[in-house]
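Those letters in the sequence shown? Residues 164 to 709, by our numbering.
Virtual Cβ for every residue (Gly too), placed ideally from N, Cα, C.
Since the model is a prediction, treat every value here as computed from it, not as a measurement.
For reference, the structure is listed below as structure tokens.
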Amino acid sequence: MFDSLIMTVGAVVLGIILITLVILTAWKKVPADKAAVVTGLGKKKVITAGGIIVIPIFQRIDYISLQNVRFPIAMQDAMTRHGVPINTEGIVVIKVQNTEEAILMAMEQFNDVTPAVTKEKIIDTAKDVSEGKLREIIATLTVEEIYSERDKFASKVLEVAAEQLNVLGLELKSFSIKDISDKNGYLEALGKPQIAGIKRDAQIAEADALRETQIKTSEAKRLGAAAQLEANAKIAEAQKEADVKVLEYEQQRQLAKAKTDASYEIQQNITNMEVINTEMDAAVLKEERQKSVKEAEIQVEIAAAIKSTELAGRKAERKQKELLETVVNPAAAEKQKAELQAEADKIKTVKAAEADAEAKKLNAEAEAAMIQKTGEATAEAIKLRGLAEAEAMEKKAEAYAKYGNAAIIDIVIDKLPEIARAIAEPMSRIDKITIIGGGDGSGGSATDVTKMALGSLTAITEGMKDVLGFDMTEVMKANTYAGKTDKNINFNLDRLTDKEKAAAIAGTVAALRDNLLDGETLTEAVVEEPAVSVEIVDPIAETEEN
């Protein structure tokens, strides 16, 4: 029984295996780009993009491609409507329609042993149909229509050929004309006028474009040149303004620097002088302090000497008292007392002299140190003042070199008071002037004295003219009111009496002595009561009187 069970199970398993093998063998899968037709055991079945079980022996399956098929066509000497033979070349694209009816129809028309042979049959049939329909369409058109309206020509061929190919289960996807030609040069002659016109239009367009280009180029150059000139002008103006600003800035900078340098030098001199003064004050204070200390020490020593003297005196008094008490002879005691008193006075005098000498010595040392410090500070101040004056003289020299005679006149005018004072100083010591005239009453001697007094200044003026090289009075008169109005002041002493001449001489001498002639006229300098007594003596007149 167990054996029969095993046999049963084995048979079942074997049956399942056999059924599985049969199913796997009979199952046919159809790719997406193909169609399959199963025949046998009833109605034909069309399968696309799927699978089906085909029972061997009882059924058959055939495949046909659904892909596009592309092939060229060529037509030689096809006659047009006007009898002109032309050659055409084109490209045709077809495929089997993806419908059950079209697939069955194409399978009936073109199916063969292999798919490759089936494809060749489809191409041959579609080519014959396309060429035939192409020839028919060419016969209805002229060469000009075919050549100029290629798209329209191809559309007509596609429309006519597609109807016949649909009957065969095929779909005409596209039809395009690749080339049209002829052996007689008809198309070439047909295109020459157009080519000539096109060339002519192209040349005209090129000439117009060139002319327009030249016009625009010239205009652009003109505008560019104008813009360049304007830009150059603006640049020059900006550069000019920049240069002016640079000059102004440089002037301001130099002026500020000059002011700063001058301020710095002035402040430096002030600071140096303050430092010197401070050092001098400190030195003086130090010396005074040392002097005070020395004086205090001297006072201490003097006090010590006095104290020592007092102690010596007290000691002498004690000795004297002892002698008086112990010595019987009063005379001897008195003598001893006198000797002790003399010795005490001597010690006191010596100590006082030593203290006074020490005080004088210390005072002398303190004064010498103070004088030395003061001298050093004064020398430093003189040195700094000399440097400042030297720098000032250098600046003055630059100014004098710049202003020439005017600067020299300025110096001379500053020194005129000293010159007048030096001239008047000898005359200031004159208390009385006695003039001995010639006796003719002309007053010539008085006139000579007055001229002598004024001639000193004239001689100095002439001497300065020789030294300076120009007349200082002429230069000064040129810039004064008197020089501009040509006002002259002349002195004529011949018309004066002896008394008036004496008064004039006395006034002149007094004016020179007191330095009153600086900026005044002679008549303004003469006073009614001169400080100098002038006496005019006429020897001849006195002789006649006697």
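By the 16-neighbour rule on beta-carbons within 10 angstroms, M242 is exposed. Counting every other CB atom within 10 Å of its CB across the protein chains shown gives M270 a total of 16 or more, marking it as buried. Distance check between V463 and each of V256, E517, Y412 places E517 closest, using alpha-carbon atoms only. Annotation: Q366 to T281 spans about 57 angstroms, alpha carbon to alpha carbon. For T277 against I343, the beta-carbon gap comes to about 38 angstroms, at or over 8 angstroms, which does not count as contact. In the three-state reduction of the DSSP assignment, G348 falls in the coil class, being assigned neither a helical nor a strand state.
A residue is called buried when at least 16 other Cβ atoms come within 10 angstroms of its Cβ; Y412 does not meet this threshold and is exposed.
In the structure shown, V247 adopts coil according to DSSP, grouped into three states. Under the DSSP assignment, Q327 falls in the alpha helix (DSSP H) whose first and last residues are 313 to 330.
Here the region 180 to 198 makes contact with the region 221 to 229; the two share three or more CB pairs at distances below 8 angstroms.
DSSP lists V255 as the bridge partner or partners of F234.
Per DSSP, reduced to three states, the secondary structure at G213 is strand. Remark: C-beta atoms of L335 and V259 do not approach each other more closely than 8 angstroms. The residues A324, Q327, L328, in chain order, have a CB closer than 7 angstroms to that of V292 in the same chain once the five nearest residues on each side in sequence are set aside. If you draw a straight line from the Cα of N274 to the Cα of I220, it is about 20 angstroms long. Annotated three-state conformation of L333 is strand, per DSSP. Excluding residues up to 5 positions away in sequence, L335, S337, F338 lie with their Cβ nearer than 8 angstroms to the Cβ of L321 in the same chain.
Taken through DSSP and simplified to helix, strand or coil, P356 comes out as helix. For I340 and E299, the gap between their C-alpha atoms comes out near 15 angstroms. Of the residues E264, P248, I236, the one whose Cα lies closest to the Cα of I254 is I236. For the 8 angstroms CB-CB criterion, Q222 and V201 form a contact. With 16 or more other Cβ atoms inside 10 Å of its own Cβ, V306 counts as buried. Taking C-beta atoms under 8 angstroms as the contact rule, K191 and I169 fail to qualify, at a distance of about 37 angstroms.
In the DSSP annotation of this structure, K284 is not part of any beta strand (DSSP E); the continuous alpha helix (DSSP H) holding it starts and ends at 278 to 302. Separation of A212 and N261 (C-alpha to C-alpha, rounded to the nearest whole angstrom) is 11 angstroms. Counting along the chain, I227 sits inside no alpha helix (DSSP H); it lies in the beta strand (DSSP E) bounded by residues 223 to 228. One alpha carbon belongs to G205, the other to E294, and they sit about 40 angstroms apart. By the CB criterion at 8 angstroms, Y310 and L267 fall outside the cutoff. Sixteen is the threshold: when 16 or more other Cβ atoms of the shown chains lie within 10 Å of the Cβ of E450, as they do, the residue is buried.
CA-to-CA, the gap between I378 and A388 works out to about 15 angstroms.
Straight through space, the alpha carbons of E308 and A372 are spaced by roughly 34 angstroms.
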